[in-house]
Amino acid sequence: MRATPIIGVGWKVSALLLALGAPGLAAQATSASGPVRRARAAPEAVLRRLAAELRNLVVAQENYFAENGRYSELLTAAGGGAVLVTPSSGVTLNLTYVTRNSWAARATYEGMRYSCVIIVGAVPASRIPRTRVERWEPTEEGVPVCDRVPGRS
Numbered sequence: 000m001r002a003t004p005i006i007g008v009g010w011k012v013s014a015l016l017l018a019l020g021a022p023g024l025a026a027q028a029t030s031a032s033g034p035v036r037r038a039r040a041a042p043e044a045v046l047r048r049l050a051a052e053l054r055n056l057v058v059a060q061e062n063y064f065a066e067n068g069r070y071s072e073l074l075t076a077a078g079g080g081a082v083l084v085t086p087s088s089g090v091t092l093n094l095t096y097v098t099r100n101s102w103a104a105r106a107t108y109e110g111m112r113y114s115c116v117i118i119v120g121a122v123p124a125s126r127i128p129r130t131r132v133e134r135w136e137p138t139e140e141g142v143p144v145c146d147r148v149p150g151r152s
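Numbering (numbering that gives the first Met the number 0), first residue to last: 0 to 152.
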């Protein structure tokens, strides 16, 4: 007896995994009617993930600050004198400015032009990062600011 593929199951599984915050697993979801393809994440879901990654970075930097009396200039998945962070698959975090008492960062997703930015502490106006598309800049400490997807609020 041969199984009948259910059309659209791969997409629904990908959407569910993205909603649960697992874009890496969503990218590995298979289509019931064809070969394995990389799932295309909805921009809104990716932007929510980028904002969450920046909030996780705030926690990691605050922990580092509590132990070392300064913010870290390095991000690593291995520790050793740097903030220990492991971003989700496809996400890149970049520290764009760091001093003993302040820092700024940008989060991006591979293959997507949208971004999110954040500041913590007194970051000089000339060093405040802007989002890639709409050039938004954060105005509130510790609160991520992201590009918006056109046609959506």
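Positions of the beta carbon are idealized from the N, C-alpha and C atoms, including for glycine. Predicted model, so just to flag it, every value in this text is computed and none were measured.
Residue range of the beta strand (DSSP E) that includes residue i
i, result
"Tyr63", "Unbroken run through Tyr63 is the alpha helix (DSSP H), 42 to 67; no beta strand (DSSP E)."
"Leu73", "That residue, Leu73, is in no beta strand (DSSP E); it is neither H nor E in DSSP."
"Val142", "Segment: none, Val142 is in no beta strand (DSSP E) and carries neither H nor E."
"Gly119", "In the sequence under discussion, the amino acid at residue 119 is Val, which differs from the Gly named in the question. Residues 114 to 119."
Beta carbon of residue i nearer than 8 Å to that of residue j
i, j, result
"Val90", "Ala104", "no"
"Val132", "Tyr113", "yes"
"Val97", "Val57", "no"
"Ala168", "Ser101", "The structure shown does not extend to residue 168, since the chain spans only 0 to 152, so no value can be given for it."
"Val142", "Glu43", "no"
"Leu83", "Ala59", "yes"
8 Å contact criterion, which residue i and residue j should meet: CB distance rounded
i, j, result
"Ile127", "Glu136", "5 Å"
"Ser87", "Arg54", "Contact doesn't hold; Cβ gap of about 13 Å is too wide."
"Arg99", "Tyr70", "7 Å"
Own chain residues within Cβ distance below 6 Å of residue i, not counting five before or after
i, result
"Thr85", "Ala76"
"Ala21", "With a pLDDT of 47 at Ala21, under the threshold of 50, the modelled position of that residue is not reliable, and no figure is offered here."
"Arg130", "Strictly speaking, residue 130 in this sequence is Thr, with Arg absent from that position. Taken in chain order, the residues that qualify are Ser114, Val116, Asp146."
"Leu73", "Ala81"
Per DSSP, cross-strand counterpart(s) of residue i
i, result
"Tyr108", "Val90"
"Val82", "Leu74"
"Val97", "Trp102"
Same chain, Cβ closer than 7 Å to residue i, neighbours up to 5 away in sequence not counted
i, result
"Asn93", "Ala104, Arg105"
"Pro123", "none"
"Glu52", "Pro86, Ser87, Val90, Leu92, Ala106"
"Tyr108", "Val45, Leu49, Gly89, Val90"
8 Å CB neighbourhood of residue i in its chain, flanking five on each side removed
i, result
"Arg134", "none"
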